[in-house]
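One structure is given here, and the rest of the page talks about it.
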Ligand SMILES: Cc1ncc(C[n+]2csc(CCOP(=O)(O)OP(=O)(O)O)c2C)c(N)n1
Ligand code: SF4
Ligand SMILES: [Mg+2]
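Chains as they are written, first to last, in the numbering used here: chain A, 6 to 79; chain B, 10 to 267.
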């Protein structure tokens with residue numbers, strides 16, 4: 006079982022839907038939303054519970070739209 | 010049970026491992042989706058924040074897509090005429106030798122209209138730091154050919170591809186200025202993958218630290234994409250960059266202090 010658990014929080018208004026984050030997530034956690042933000046972009050969103058909080062997505066996000074949280078599990 | 014942690018239990022301030030640096034303003038970045046300019050801005054501001062240099066830094070913005078860098082970077086900034094950022098930074102640094110002074114420039118700005126200012130600032134060994142975002146094109150004005158455009162590369166002004174017979178060869182200005190005695194640290198990086206982002210950040214840290222030594226000009230090139238100018242999606246442009254830009258503009262340190 007995973008020893009860490011992560012979560013991403015996407016600033017959906019800042020996200021421009023460039024999709025650079027999705028392929029760098031080794032857990033396949035990120036996909037683009039069906040809904041659009043106010044600028045008309047599909048934004049990044051979590052689609053599973055497998056995030057490990059590795060921050061890869063946040064590192065490549067040109068708009069700094071992703072905040073990452075991580076907790077250690079005992 | 011551990012696996013049933015709620016969002017509220019995970020998303021607490023003490024568990025935050027990454028958040029956009031406070032040295033970027035709230036203004037939405039004016040860059041196209043997926044453009045490396047945003048990541049380059051963020052890394053520079055992260056380093057300045059971590060080094061606690063916000064009040065001690067003066068940046069010079071160029072002309073190009075990053076002309077509005079002063080709206081995004083929450084530090085003292087001056088905007089220079091096209092290509093003249095190294096000359097403006099020279100004046101600022103000579104007046105305020107204790108400040109960290111940098112320019113942020115595109116390839117059209119630095120290697121076309123500003124070639125003279127770039128080369129002479131480097132050759133004089135001005136104690137400034139230059140961040141050079143090379144996307145091989147004039148992004149802002151609609152994707153015209155730049156000195157850095159690759160042979161055969163299609164742009165608005167080379168619609169059949171850059172023909173080196175008539176349009177000349179791409180200029181490796183970074184290798185050129187590395188040969189000048191006035192440069193101290195010269196490196197070429199990229200910001201398109203997590204590993205490259207980490208490496209680029211280390212290079213930016215060095216280029217900032219070294220300015221304190223007053224040993225000459227520190228220069229960080231970031232090979233980047235211009236998906237709009239290249240007429241590709243952001244993911245396609247990063248792949249194209251790896252396959253075409255990196256062989257011509259190889260990543261790594263070009264001049265390191267002895
Ligand atoms: C004196 C002058 N000449 C020409 C222009 C038009 N112009 C604006 S941006 C630009 C090129 C910018 O290209 P680059 O520096 O590569 O920046 P990018 O947008 O690709 O990041 C040009 C030629 C100008 N603003 N001022
Ligand atoms: S035109 Fe090119 S360089 Fe300018 S913001 Fe768009 S992708 Fe970036
Ligand atoms: Mg350019």
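Glycine is no exception: its CB is placed at the ideal position from the N, C-alpha and C atoms.
Owing to the predicted nature of the structure, the values given are computational and were not obtained by experimental measurement.
Check, Outcome
"Under the criterion of a Cβ to heavy atom distance below 7 Å, does residue 147 (chain B) qualify as lining ligand 3?", "yes"
"For ligand 1, any of its heavy atoms closer than 7 Å to the Cβ of residue 45 (chain B)?", "no"
"Using the beta-carbon of each residue, which ones in chain A are nearer than 7 Å to residue 44 (chain B)?", "67"
"So, is residue 192 (chain B) buried or exposed, given that buried needs 16 or more other C-beta atoms within 10 angstroms?", "buried"
"Confirm the yes/no value for this check: CB of residue 121 (chain B), any heavy atom of ligand 3, distance under 7 Å.", "no"
"Would residue 71 (chain B) count as contacting chain A if we go by Cβ distances under 8 Å?", "no"
"Is there contact here, the region 21-31 of chain A with the region 43-59 of chain A, by at least three beta-carbon pairs under 8 Å?", "yes"
"Please identify the residue among B:266, B:245, B:82 whose C-alpha is closest to the C-alpha of residue 222 (chain B).", "B:266"
"Would you be able to state if there are at least three C-beta pairs under 8 Å between the region 147-158 of chain B and the region 129-136 of chain B?", "no"
"With residue 223 (chain B) as the anchor, note down where its alpha helix (DSSP H) starts and where it stops.", "Segment: none, residue 223 (chain B) is in no alpha helix (DSSP H) and carries neither H nor E."
"Enumerate in chain order the residues of its own chain whose CB-to-CB distance from residue 29 (chain B) is below 8 Å, with the five nearest sequence positions on each side excluded.", "51"
"When the Cα atoms are used, what is the spatial distance from residue 101 (chain B) to residue 46 (chain B)?", "24 Å"
"Please report the Cβ distance between residue 48 (chain B) and residue 28 (chain A), rounded to the nearest whole angstrom; I am assuming they are in contact, meaning their Cβ atoms lie under 8 Å.", "Going by Cβ atoms, the distance from residue 48 (chain B) to residue 28 (chain A) rounds to 15 Å, so no, they are not a contact pair."
"Examine chain E for any beta-carbon lying closer than 8 Å to the beta-carbon of residue 24 (chain B), and answer yes or no.", "Looking for chain E here will not work: the only protein chains present are A and B."
"Give the list of continuous alpha helix (DSSP H) stretches no shorter than 4 residues that lie fully inside the region 164-188 of chain B.", "173-176, 182-187"
"Ligand 3 and residue 92 (chain B): does the residue's C-beta get closer than 7 Å to at least one heavy atom of that ligand?", "no"
"Can we count residue 117 (chain B) as close to ligand 1, meaning its CB is less than 7 Å from some heavy atom?", "yes"
"In whole angstroms, what is the alpha-carbon distance linking residue 13 (chain B) and residue 10 (chain A)?", "10 Å"
"Taking contact to mean 3 or more Cβ pairs, one atom from each stretch, closer than 8 Å, check whether the region 166-174 of chain B and the region 187-201 of chain B are in contact.", "no"
"Could you list the residues in the region 199-227 of chain B with a C-beta less than 8 Å from some C-beta on chain A, going in chain order?", "200, 201, 202, 203, 206, 207"
"Against residue 40 (chain B), what residues of chain A qualify as contacts under a CB-to-CB distance less than 9 Å, listed in chain order?", "21, 67, 68"
"Using the C-alpha atoms, what's the distance from residue 62 (chain A) back to residue 41 (chain A)?", "20 Å"
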